[in-house]
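Participant: Its first residue numbered 1241, the sequence shown is counted upward by one per residue in this note's numbering.
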Amino acid sequence: MSDELGKLVSRTLLARSKNGKLGKKDTSIVAAQFGLGIQSVQRLWKRGKIQLANSIPVVVSSLKKGRVGRKKIPVDLEALRSIPLKERTTIEDVSAKLNMSKSKIQRYLRKGFLRRHSSSIKPYLTEANKKSRLKWCVDMIKRDLHGGPRFKDFFDFVLIDEKWFYLSQKSEKYYLLPEQDDPHRTCKNKNYIPRLMFLCVCARPRFRDGNCIFDGRISCFPLVTYQPAMRGNVRTGRVRGDLVLKPITSITREVIRDFMINKVLPAIRAKWPKEDVGKPIFIQQDNAPSHLNLDDSDFCEHAKQEGFDIRLICQTPNSPDFNILDLDFFRAIQAIQYNKNAKTIEALVPTVEEAFMEYSAHKANRMFVTLQSVLMEAMKMKPRLLSDSGASSCNSGAKESGTSSDSGASTESGASSCKSGVKESSTSSDSGASMESGASSCNSSVKESGTSSDSGASMESGASSSSATVFLGQRCFWAVAFVVNKKDERGKSAWWNRRVRS
């Protein structure tokens, strides 16, 4: 009992006493009021009466001095290190291996002597994956000499990806009244819940004076076809010849090409801000086998129509966190879709489209800030960089048998130009311009067997060509270290200062 609590209990007892005497149930009432034992309250009252009888000031503070009680038993948990992880996944396992009670293990958890960790499987990243991720992050940085490095605004990026949307979840939680019956949901096989695949296309929202002038929601296309019904259905009221929704069972490159040319490109042209027509627009896709090649002739032909300059780029392999759709957006609109009452697979299409359009543009804009944080964390992973020999150019992407590469884009202030992105058999690649808004061209300018291609993409501020592997030198390691530490007190870019001095 603390001193303050003792004083409060004594005042309460005095208030209930009459002529220095308590009623039969007063001590039990006060004990229940303060959550104390009856004997503790009675002992406090008895001590006060003795002190008053001896004309001694009443003191209700504890008579014990210093730290009292049983001495703590030294904790020796070093034996836990030698136990394999698979054999200490539960409290029961740990208590059995350490020969301790489960309650003692729980006390150690509360005191911080042990900690619980949930381990999820992460994608395996090879050294090549780490280097490509680092290069992608560096390409996403504005490179100029007028201040500290900043990430690009991503206003000229369009992100696309596919996702399965399910009609229902395997397990759902409801809040019911006590007299309500428990919902009973059935399915033939819970691993085959009806689902549809959607191709989502979105960009970063834009705001002016606090008002949203472009919400970034291009469209959400279901990968389905509509075919006339071969027979009628009395139960659903369908007659022969009505259009019936049929999911596309095989998503091939031809299917994606048809959707990209006939649906994605027209949607971008219809919704893209008019003031940016003519500027490069980069469609970021992952490396799925069904996705288009970066130099697909049919797509490139349609992408240049109506004054638009739309280009394809590929994000680095094994990096779904570099796309806001996989990072945040899909999960957010899926939560909205589950709150809607879609009963059939036909009703799932408008439900997902409504969820796509209902999501807040302000929240979608914050996802791009989260993406920048992810890029900064990715740059903290240090791949095994090649030693910097001080050469002004690095020929990293070239392979065997007489490979030649010419990257005409140069960096400002004496930054080294890097030649890369070429493949075997005397491949020649000319990346003649720089790529605006920092997207890498994902080897789009390269083919095999003597192919020559010109990638006209250009990077802002005179940055190196899209395939340049600047991460292979220690200069890029300085850049990463500076970006992690954000900017120095002088507000200057230590990264560029080092590159200029070199």
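Every residue gets a Cβ at the ideal spot worked out from N, C-alpha and C, and that includes glycine. None of the values given here were measured: they were computed from a predicted structure.
Can you tell me whether G1547 is buried or exposed, with buried defined as 16 or more other CB within 10 angstroms of its CB?
Facilitator: Around the C-beta of G1547, fewer than 16 other C-beta atoms lie within 10 Å, and the residue is accordingly described as exposed.
Participant: How would you label W1404, buried or exposed, when you count the other beta carbons within 10 angstroms and need 16 or more for buried?
Facilitator: exposed
Participant: Is L1615 closer than 8 Å to M1380 when the C-beta atoms are compared?
Facilitator: yes
Participant: Under 8 Å: do the region 1404-1416 and the region 1474-1489 share three or more Cβ pairs, one atom per stretch?
Facilitator: no
Participant: Looking at C-alpha atoms only, which residue of D1536, Q1273, K1544 is the closest neighbour of R1509?
Facilitator: K1544
Participant: Taking one C-beta from the region 1449-1464 and one from the region 1523-1533 each time, how about it: are there three or more such pairs within less than 8 Å?
Facilitator: no
Participant: Closest to D1396 by CA distance: which of K1519, P1506, S1600, K1311 is it?
Facilitator: K1519
Participant: With respect to the beta strand (DSSP E) encompassing F1397, which residues constitute its N-terminal and C-terminal limits?
Facilitator: Element bounds for F1397: 1397-1406.
Participant: To test your reading of the DSSP string, which unbroken alpha helix (DSSP H) runs of 4 or more residues are found completely within the region 1316-1372?
Facilitator: 1331-1338, 1342-1351
Participant: Check P1487 in the structure and name its three-state DSSP category.
Facilitator: strand
Participant: Measure how close the beta-carbons of N1563 and P1445 come, nearest whole angstrom, since I'm counting them as under 8 Å.
Facilitator: About 16 Å separates the two Cβ atoms, so there is no contact after all.
Participant: Got a sec, what are the start and stop residues for the alpha helix (DSSP H) N1451 sits in?
Facilitator: Segment 1451-1454 is the beta strand (DSSP E) holding N1451; no alpha helix (DSSP H) there.
Participant: For L1534, count neighbouring Cβ atoms within 10 angstroms of its own Cβ and tell me buried if that reaches 16, exposed if not.
Facilitator: buried
Participant: May I ask you to list the residues that DSSP assigns as paired with A1194?
Facilitator: This structure leaves residue 1194 out entirely; the chain is present only between 1241 and 1742.
Participant: Can you round the beta-carbon distance between V1484 and I1400 to whole angstroms, since I take them to be within the 8 Å contact cut?
Facilitator: The pair is not a contact, with the Cβ atoms about 27 Å apart (cut-off 8 Å).
Participant: Mapping the DSSP letters down to three states, classify R1283 as helix, strand or coil.
Facilitator: helix
Participant: So for M1437, helix, strand or coil by DSSP?
Facilitator: strand
Participant: For D1516, which three-state DSSP category applies?
Facilitator: helix
Participant: Do V1281 and V1249 come within 8 Å of each other at the CB atom, strictly closer than that value?
Facilitator: yes
Participant: From D1384 to V1378, what distance separates their C-alpha atoms?
Facilitator: 13 Å
Participant: Considering only the beta carbon of each residue, do K1370 and P1623 sit closer than 8 Å?
Facilitator: In contact: K1370 and P1623 (Cβ atoms closer than 8 Å).
Participant: Mind the definition here: the region 1593-1605 touches the region 1433-1452 only if three or more C-beta pairs lie below 8 Å; say whether that holds.
Facilitator: Short answer: they touch.
Participant: Just curious, the beta strand (DSSP E) that P1462 is in, first and last residue?
Facilitator: Looking at the DSSP string, the run of the beta strand (DSSP E) that includes P1462 is 1457-1462.
Participant: Quick check on DSSP: helix, strand or coil for F1522?
Facilitator: strand
Participant: Buried or exposed: where does C1427 fall if 16 or more other Cβ atoms within 10 Å of its Cβ makes it buried?
Facilitator: exposed
Participant: DSSP three-state call for D1421: helix, strand or coil?
Facilitator: coil
Participant: Less than 8 Å between the beta carbons of P1363 and N1558, yes or no?
Facilitator: yes
Participant: Which whole-angstrom value describes the C-beta separation of V1609 and F1438, a residue pair presumed to lie in contact below a C-beta threshold of 8 Å?
Facilitator: The C-beta separation of V1609 from F1438 comes to about 25 Å, leaving the pair out of contact by the 8 Å criterion.
Participant: Of all the options N1581, A1601, H1542, which has the alpha carbon lying nearest to the alpha carbon of F1569?
Facilitator: A1601
Participant: Between the Cα of D1516 and those of I1550, P1434, L1532, spot the shortest distance and give me the residue it belongs to.
Facilitator: Comparing C-alpha distances from D1516 to each of I1550, P1434, L1532 shows the shortest one belongs to I1550.
Participant: Please work out which residues of its chain come closer than 7 Å, Cβ to Cβ, to R1373, disregarding the five sequence neighbours upstream and downstream, and give them in chain order.
Facilitator: T1556, S1559, A1618
Participant: So, helix, strand or coil for C1554, using DSSP?
Facilitator: strand
Participant: With 16 as the cutoff for other CB atoms within 10 Å, does Q1577 come out buried or exposed?
Facilitator: buried
Participant: For E1494, report the span of its alpha helix (DSSP H) as first-last.
Facilitator: 1493-1499
Participant: For Q1291, which residues in the same chain have their Cβ closer than 8 Å to its Cβ, ignoring the five residues on either side in sequence?
Facilitator: Counting only Cβ-Cβ distances below 8 Å, and skipping sequence neighbours, we find P1297, V1298, V1299.
Participant: Taking all protein chains shown into account, do 16 or more other C-beta atoms lie within 10 angstroms of the C-beta of E1244, making it buried, or fewer, making it exposed?
Facilitator: exposed
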